[in-house]
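Protein sequence lines correspond, in order, to chains L and Z. Position one of the first sequence corresponds to residue 1 (UniProt numbering), numbered consecutively onward. Position one of the second sequence corresponds to residue 1 (UniProt numbering), numbered consecutively onward. For glycine and all other residues, C-beta sits at the position ideal for the given N, C-alpha and C. Everything numeric in this text was worked out from a predicted model, so none of it was measured. Worksheet for the structure shown next.
There are 2 protein chains.
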Amino acid sequence: MERISQRSLLSIYFLDLLRYLCPEPYPEVNIEFLEKNGIKLFHFGIEGNKEPFVDIPEPVIREALKVLLDVRNHPILIHCNKGKHRTGCLVGCLRKFQNWSLTSIFDEYRRFAGTKVRMLDQQFMELFDVSDFKAWTYSRRRLRHS
Amino acid sequence: MERISQRSLLSIYFLDLLRYLCPEPYPEVNIEFLEKNGIKLFHFGIEGNKEPFVDIPEPVIREALKVLLDVRNHPILIHCNKGKHRTGCLVGCLRKFQNWSLTSIFDEYRRFAGTKVRMLDQQFMELFDVSDFKAWTYSRRRLRHS
Numbered sequence: 001m002e003r004i005s006q007r008s009l010l011s012i013y014f015l016d017l018l019r020y021l022c023p024e025p026y027p028e029v030n031i032e033f034l035e036k037n038g039i040k041l042f043h044f045g046i047e048g049n050k051e052p053f054v055d056i057p058e059p060v061i062r063e064a065l066k067v068l069l070d071v072r073n074h075p076i077l078i079h080c081n082k083g084k085h086r087t088g089c090l091v092g093c094l095r096k097f098q099n100w101s102l103t104s105i106f107d108e109y110r111r112f113a114g115t116k117v118r119m120l121d122q123q124f125m126e127l128f129d130v131s132d133f134k135a136w137t138y139s140r141r142r143l144r145h146s
Numbered sequence: 001m002e003r004i005s006q007r008s009l010l011s012i013y014f015l016d017l018l019r020y021l022c023p024e025p026y027p028e029v030n031i032e033f034l035e036k037n038g039i040k041l042f043h044f045g046i047e048g049n050k051e052p053f054v055d056i057p058e059p060v061i062r063e064a065l066k067v068l069l070d071v072r073n074h075p076i077l078i079h080c081n082k083g084k085h086r087t088g089c090l091v092g093c094l095r096k097f098q099n100w101s102l103t104s105i106f107d108e109y110r111r112f113a114g115t116k117v118r119m120l121d122q123q124f125m126e127l128f129d130v131s132d133f134k135a136w137t138y139s140r141r142r143l144r145h146s
């Protein structure tokens, strides 16, 4: 706890839609800890992929990835409730941006998803287009240096 | 057996290098069956991917894929000794040619490889370039129609 408190840690906390709609807040004790240590908290209400009709919302993942790519926010702790599907998809998209092969992206994803691997998650990562993020980070870099 | 014998079945039989180099032939009874039923047999001596130094030979897979894509050879039975790595890689390359997503290719591969999944196999399929096969089948189609 002490070690974490000394870092400018940013926690991106994904609430699923159910939890978001219900009055179930981020644990009070955690919020106190974050405030005490000047840690920013970003909430992205995301519902994970679930057959047959629920798709992870791509625009929200794009917003979360922007926060993730902004080095001013590092180091970052990303978590959802189980660390499988929502966190897995976001990290997979980050890896894609970092030019990892899909073989390696899926391997990392599977290590955390275990027996709960979802085809839809992998399909989401495969189809996720990172080209505009490359342009976005490039333009930000140019902005900083101009 | 009776049903198979009525089909113009082509078996592509992969021997691993060990088996290929040792005097261990395709079982006599199988050969008899194939001859009796006019079934062609193609042997491709392939050593499967194995960390750290053994890579599946891409040129042989390319030759095998050519046989596989030639509709005059259909229907085809493909098999190796366990139906995991060598057959898995060849079928994965076929699926890539058929424009399957990598998510689906890996999923099919994993169904047969089970607990014996190899990163190297998936990497091979991901890096396998099918663009020249598309040109090749296109030129053959033009040739047939000219």
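Below the 8 Å Cβ cutoff, chain L contributes no neighbours of Z/Phe128, its closest Cβ being approximately 12 Å away.
Within the region 40–69 of chain L, contact with chain Z at the beta-carbon level (separation under 9 Å) is assigned to no residue. In the structure shown, Z/Gly114 adopts helical secondary structure according to DSSP, grouped into three states.
For L/Leu102, the C-beta contacts it makes with chain Z under 9 Å involve Leu102, Thr103, Phe106, Gln122, Glu126, in order along the chain.
DSSP places L/Ile56 outside both helix and strand once states are collapsed to three, so it counts as coil.
Per DSSP, the unbroken beta strand (DSSP E) holding Z/Ile76 starts and ends at 76–79. Taking a cut-off of 8 Å on C-beta distances, the region 94–113 of chain Z does not touch the region 32–50 of chain Z, as fewer than three cross pairs fall below it. Here Z/His85 is not near Z/Arg111, since their CB atoms are 8 Å or more apart. Taking L/Lys116 as the centre and dropping the five residues before and after it, the same chain places the C-beta of Lys84 closer than 6 Å to its C-beta, in chain order.
With a beta-carbon spacing of about 5 Å, Z/Phe44 and Z/Val60 fall inside the 8 Å limit used to define contacts.
Annotated as distal: Z/Ile56 and Z/Phe133, with beta-carbon spacing of 8 Å or more.
Here the C-alpha atom of L/Cys80 lies approximately 9 Å from the C-alpha atom of L/Ile46. Looking at the DSSP output, L/Lys50 sits in a beta bridge with L/Val54.
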